[in-house]
């Protein structure tokens, strides 16, 4: 086990450097830099060279590229990605400020979609091939194909515009500061309903499909046939034998869903004006705020990498076959 | 060997055909593809067939390779057959702003009086071009990396696996948005961004399949008869390892249509004046309560296309592996 762990961590370290190099190269091969952002697209002529030099110095742009990379790499370890070009505050502060909003939204969406999606997947796997299940799987597939931003528009149209039951967008009402505590909580919850519904919708299909395919794989194995042959009921086989074995890949999947969740957040948060990392990322891209873009990209990739190492190790602990096979 | 392979493809087709829903989806996919291919002839302000003193002309057919809508002068003559949708997707008409569906504009008009149906037809062209080319890049790149990783194993496999792991760590939309936003939105950057981020699925499938079949008899036979590595991989192994990757390509096209429309919706899609389904929806967001046709039709167009590709992919997979 120790050998497996060591190998997995060593691989992850190499992948980590790969991630940083890719991100750094991508951002530096792009036309335009913070200097042009400050001074304008018209170019640097007419601007005192000291100012250009000062800006360049602040972002280490006056140094050779490998050295810039090392500066930036050091920043990853100290979580210091430099000041944002928008308001000059540390990029990391801006991210940490909006992170709880994204987490709140995603936790709700995750809980709702897992609670609904996993039983749906279980149900459809247990009836695989039946007429009713085939029909429902088609409906399911159709739902999976709906663009999330369209669903969001329809939700907005129905709940916020036509019936005005819920606020259209934003995180709080305009008169939020004048409200009593109880009203503030109610106001916050009201603003959360539509964006979390829109996110749930997108993830629900994902979990249900994954549960179904993980279960279908298990169901075709011999021990399930044996259990059924012994006379165990379908219900008991599904919940006790199959689900337990399918749960493992399901749990390990969670690490890899982080990037998926954040992708979804970009569109939904931008649409609902929800101050989360997805919206921040989109705005930072639009304003070429490199420090924030780089920080967000690298932090999410590293968190994902970490989560996938943890889940791989957990998997290996639970399923010795993985460790043995990995050795070869 | 040759005969058996063609037989197995015939079996797959036979099983695929049994599913009604799969056939409906396939017909729809073909329909959208034809609409996309012939969009300039289907929705155009120019007639399909024009009789002039100089002889019969096909004015709208000239636009098939690139629309020059509104610039050129039309020859005088009698219209024999007009375009099925007799409107340009780009010409504005303020007299018919935000018209609800009428016999003149069956799907209504947008905020500057452009015909919604004409824009949908031309939007199919943009969406499918982007999606199919992106999926093709993903298939080619993915097959290449998957094939060499699966065939050689060892350090090559190790490097490819790290590469895949790396790409999967990034939030997909973060990378695509970054490439498109930073290099400037155009059809090419979108195609490259999508291809560069989605090849991992195909690579994994091909790698697995090649590993499974590389020790089979026909592979050894090819080697014994003196075939080079390149020949064994691309001539003997890859054609037999492609099926799962082809299934995945169907899903990749569906996903690319969704992503392309999301990008257009966010304002980072194929730039104006090209009509895109996502761009139409982002406009619709402003007329959410007054012009339902702007919300409904582009949404249905995206949904139906994505669903059709997904269903074809799903039933194709079932036809390949009847057990699973």
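Residue numbers (the numbering used here), protein chains in the order written: chain A, 27 to 354; chain B, 20 to 343. Here a beta-carbon is modelled for each residue, glycine too, at the ideal position from N, C-alpha and C.
With 16 other Cβ atoms within 10 Å as the buried cut-off, status of residue 203 of chain A: Taking the first residue of the first chain as 1, we reach residue 203 of chain A at position 177. Label assigned to residue 203 of chain A: exposed.
Cβ shell of residue 147 of chain A (< 6 Å), same chain only, five flanking positions each side left out: Locating residue 147 of chain A in the first chain gives position 121, counting from the first residue. Residues 234, 237 and 238 of the same chain have their beta carbon placed closer than 6 Å to that of residue 147 of chain A, with the five preceding and five following residues left out of the count.
CA nearest to the CA of residue 311 of chain B, picked from B:335, B:55, B:119 and B:257: In the second chain, the residue the question calls residue 311 of chain B occupies position 292. Among B:335, B:55, B:119 and B:257, the Cα nearest to that of residue 311 of chain B is on B:119.
Any chain A beta carbon closer than 7 Å to residue 142 of chain B: For the purposes of this step, residue 142 of chain B is identified with residue 123 of the second chain, where counting begins at 1. Not closer than 7 Å to any Cβ of chain A, the Cβ of residue 142 of chain B fails to qualify, so no.
Beta carbon proximity, residue 118 of chain B to chain A, threshold 7 Å: Taking the second chain and counting its residues from 1, one reaches residue 118 of chain B at position 99. Closer than 7 Å: no.
CB-CB length for residue 190 of chain B against residue 289 of chain A, believed under 8 Å: The residue labelled residue 190 of chain B in the question sits at position 171 within the second chain. The residue labelled residue 289 of chain A in the question sits at position 263 within the first chain. Here residue 190 of chain B really is in contact with residue 289 of chain A; their C-beta atoms are around 5 Å apart, less than 8 Å.
C-alpha distance - residue 307 of chain B paired with residue 183 of chain A, whole-angstrom precision: To locate residue 307 of chain B, count along the second chain from 1; it is residue 288. To locate residue 183 of chain A, count along the first chain from 1; it is residue 157. If I take the Cα positions, the gap works out to 6 Å.
Member of A:174, A:40, A:248 and A:334 whose CA lies at the smallest distance from the CA of residue 277 of chain A: As a working mapping, residue 277 of chain A is identified with position 251 in the first chain. Nearest of A:174, A:40, A:248 and A:334 to residue 277 of chain A, Cα basis: A:334.
C-beta atoms of residue 53 of chain B and residue 104 of chain B nearer than 7 Å: Here residue 53 of chain B corresponds to residue number 34 of the second chain, with the count starting at 1. Here residue 104 of chain B corresponds to residue number 85 of the second chain, with the count starting at 1. Contact: no.
Through-space distance from residue 212 of chain B to residue 300 of chain A, alpha-carbon basis: Working through the first chain from its first residue, we reach residue 300 of chain A at position 274. Working through the second chain from its first residue, we reach residue 212 of chain B at position 193. Rounded to whole angstroms, residue 300 of chain A to residue 212 of chain B spans 26 Å at the Cα level.
Amino acids of chain B, ordered along the chain, whose beta-carbon sits closer than 9 Å to that of residue 323 of chain A: Numbered from 1 along the first chain, position 297 holds the residue referred to as residue 323 of chain A. For a Cβ distance threshold of 9 Å, residue set 189, 190, 193, 194 and 197 of chain B lies close to residue 323 of chain A, ordered along the chain.
Own chain partners of residue 217 of chain A with C-beta closer than 7 Å, once the 5 adjacent residues on each side are dropped: Translated into the one-based positions of the first chain, residue 217 of chain A becomes position 191. Here the set comprises 193, 196, 197 and 198.
Residues of the stretch 153-187 of chain B whose Cβ lies closer than 9 Å to any Cβ of chain A, in chain order: Contacts with chain A (Cβ-Cβ distance below 9 Å) from the stretch 153-187 of chain B involve 177, 180, 181, 182, 184, 185, 186 and 187, listed in chain order.
Selection from B:158, B:232, B:201 and B:83 that minimises the alpha carbon distance to residue 170 of chain B: On the second chain, residue 170 of chain B is found 151 positions in, with the first residue counted as 1. The candidate whose alpha carbon is nearest that of residue 170 of chain B is B:232.
Interface partners of residue 264 of chain A on chain B, CB under 7 Å: For the purposes of this step, residue 264 of chain A is taken as the residue at position 238 of the first chain. Within chain B, no residue has its CB atom less than 7 Å from the CB of residue 264 of chain A, the nearest being about 17 Å off.
Residues, ordered as in the chain, of the stretch 288-320 of chain A that lie near chain B by beta-carbon distance below 9 Å: If the cut-off is 9 Å between Cβ atoms, the stretch 288-320 of chain A has 288, 289, 290, 291, 292, 293, 296, 297, 304, 307, 308, 311, 312, 314 and 319 near chain B.
Proximity test, Cβ basis, 7 Å: residue 35 of chain B and chain A: In the second chain, counting from the first residue as 1, residue 35 of chain B sits at position 16. The beta carbon of residue 35 of chain B does not come within 7 Å of any beta carbon belonging to chain A, so the residue lies off that interface.
Closest Cα partner of residue 101 of chain B within the set B:252, B:113 and B:59: One-based indexing of the second chain puts residue 101 of chain B at position 82. Just measuring C-alpha positions, the residue of B:252, B:113 and B:59 sitting nearest residue 101 of chain B is B:59.
Within 7 Å, strictly: CB atoms of residue 287 of chain A and residue 188 of chain B: Here residue 287 of chain A refers to the residue found at position 261 of the first chain. Here residue 188 of chain B refers to the residue found at position 169 of the second chain. Cβ distance not < 7 Å, so residue 287 of chain A and residue 188 of chain B don't count as in contact.
Alpha-carbon spacing of residue 231 of chain A relative to residue 90 of chain A, whole angstroms: Numbered from its first residue, the first chain carries residue 231 of chain A at position 205. Numbered from its first residue, the first chain carries residue 90 of chain A at position 64. Their backbone Cα atoms lie some 48 Å apart in a straight line.
Rounded C-alpha distance that separates residue 32 of chain A from residue 40 of chain A: Working through the first chain from its first residue, we reach residue 32 of chain A at position 6. Working through the first chain from its first residue, we reach residue 40 of chain A at position 14. The alpha-carbon atoms of residue 32 of chain A and residue 40 of chain A are separated by roughly 13 Å.
Residue range of the beta strand (DSSP E) that includes residue 74 of chain B: By 1-based counting over the second chain, the position of residue 74 of chain B is 55. From DSSP, the beta strand (DSSP E) with residue 74 of chain B extends over 74-76.
Residue 62 of chain B, DSSP secondary structure in three states: Looking up residue 62 of chain B in the second chain gives position 43. Correct three-state label for residue 62 of chain B: strand.
Proximity winner among A:327, A:44, A:307 and A:329, relative to residue 178 of chain B (alpha-carbon distances): In the second chain, counting from the first residue as 1, residue 178 of chain B sits at position 159. For the residues A:327, A:44, A:307 and A:329, the minimum Cα distance to residue 178 of chain B belongs to A:44.
Beta-carbon proximity list for residue 270 of chain B, same chain, < 6 Å, skipping 5 on both sides: The residue labelled residue 270 of chain B in the question sits at position 251 within the second chain. Around residue 270 of chain B: 332.
Residue 191 of chain A at chain B interface by Cβ criterion, 7 Å: The residue given as residue 191 of chain A occupies position 165 in the first chain. Cβ-Cβ to chain B under 7 Å: no for residue 191 of chain A.
Where residue 69 of chain B sits in the DSSP three-state scheme: The residue labelled residue 69 of chain B in the question sits at position 50 within the second chain. If DSSP states are grouped into helix, strand and coil, residue 69 of chain B belongs with the strands.
Chain-ordered chain A contacts of residue 307 of chain B [CB-CB under 7 Å]: Stepping through the second chain from its first residue, residue 307 of chain B is reached at position 288. Within 7 Å Cβ-Cβ: 179, 182, 183 and 187.
Nearest residue (CA-CA) to residue 17 of chain B, options B:55, B:76, B:166 and B:126: Past the boundaries of the shown model lies residue 17 of chain B; chain B is included only from 20 to 343, so the question cannot be answered.
Helix, strand or coil at residue 49 of chain B according to DSSP, with G and I counted as helix: Here the question's residue 49 of chain B lines up with position 30 in the second chain. In the displayed model, residue 49 of chain B falls within a helix according to three-state DSSP.
Cβ of residue 212 of chain A within 7 Å of any chain B Cβ: Position 186 of the first chain holds residue 212 of chain A. Closer than 7 Å: no.
Chain A residues whose Cβ lies nearer than 8 Å to that of residue 329 of chain B: Position 310 of the second chain holds residue 329 of chain B. Simply 167, 170 and 171.
Under the three-state DSSP convention, the category residue 128 of chain B falls into: As a working note, residue 128 of chain B is residue 109 in the second chain. Three-state result, residue 128 of chain B: strand.
Whole-Å CB distance - residue 264 of chain B paired with residue 158 of chain B, under 8 Å assumed: Translated into the one-based positions of the second chain, residue 264 of chain B becomes position 245. Translated into the one-based positions of the second chain, residue 158 of chain B becomes position 139. Going by Cβ atoms, the distance from residue 264 of chain B to residue 158 of chain B rounds to 6 Å, so yes, they are a contact pair.
Neighbour list for residue 37 of chain A in chain B, Cβ cutoff strictly below 9 Å: Taking the first residue of the first chain as position 1, residue 37 of chain A is located at position 11. Neighbours of residue 37 of chain A in chain B, taken as residues whose beta carbon is under 9 Å from its own, are 177, 180, 181 and 184 in chain order.
Residues of the stretch 326-349 of chain A whose Cβ lies closer than 7 Å to any Cβ of chain B, in chain order: Near chain B, meaning a CB-to-CB distance below 7 Å, the residues of the stretch 326-349 of chain A are 326, 327, 330 and 331.
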